[in-house]
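Here is the structure we will look at, set down as structure tokens.
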Amino acid sequence: GRVLLTAMNTVNTDHDITRHAELNLVSLASQQLDADTLAMVTLYTSTEPCAMCAGAIYWAGIRRMVFGCSATKLGEIAGGEFVVPSRDVFAYGKTSITVIGPVLAERAAEVHQGYWK
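For the sequence shown, position 57 matches number 150 in our numbering, and the numbering has no gaps at all.
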């Protein structure tokens, strides 16, 4: 495979709480890729998407996702009060989404441990 698009979290630089990396990527992908391509791509993300981003992934038609740090682990690290695993969000949809993760979980969590402490 090859990398089609990349995006970063711009919450702080854009002063916009919705600018998670996954949402930025879905926005770009929706503009630059057709529906057939979106259905065939795999979205890779360092951290399991939040409920907002999982919804965007679902509605964009992306059908496969791989993540590092789980939402549950991020909640433990950051003291999250609204932790919803992406599999739970996707379970409400009619279309199946393959979710793989956590992958390299400890390494993925290290970034958050440094940021949230």
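Note that the Cβ used here is the ideal one computed from N, Cα and C, for glycine as well.
Start-to-end residues for the beta strand (DSSP E) that takes in residue 189:
Here residue 189 belongs to no beta strand (DSSP E), and DSSP marks it neither H nor E.
Closest to residue 204 by C-alpha separation, out of 99, 120, 139, 109, would be which residue?
Cα-wise, what sits closest to residue 204 is 139.
Compute the Euclidean distance between the alpha carbons of residue 225 and residue 165, then round it to the nearest angstrom.
Summary: the structure shown does not reach residue 225, with the chain confined to residues 94 through 210, and so no result is reported for it.
Where DSSP assigns a beta bridge to residue 177, which residues make up the other side?
Residue pairing by DSSP places residue 177 opposite no residue, since no beta bridge is assigned to it.
Kindly indicate which three-state DSSP category residue 150 falls into: helix, strand or coil?
helix
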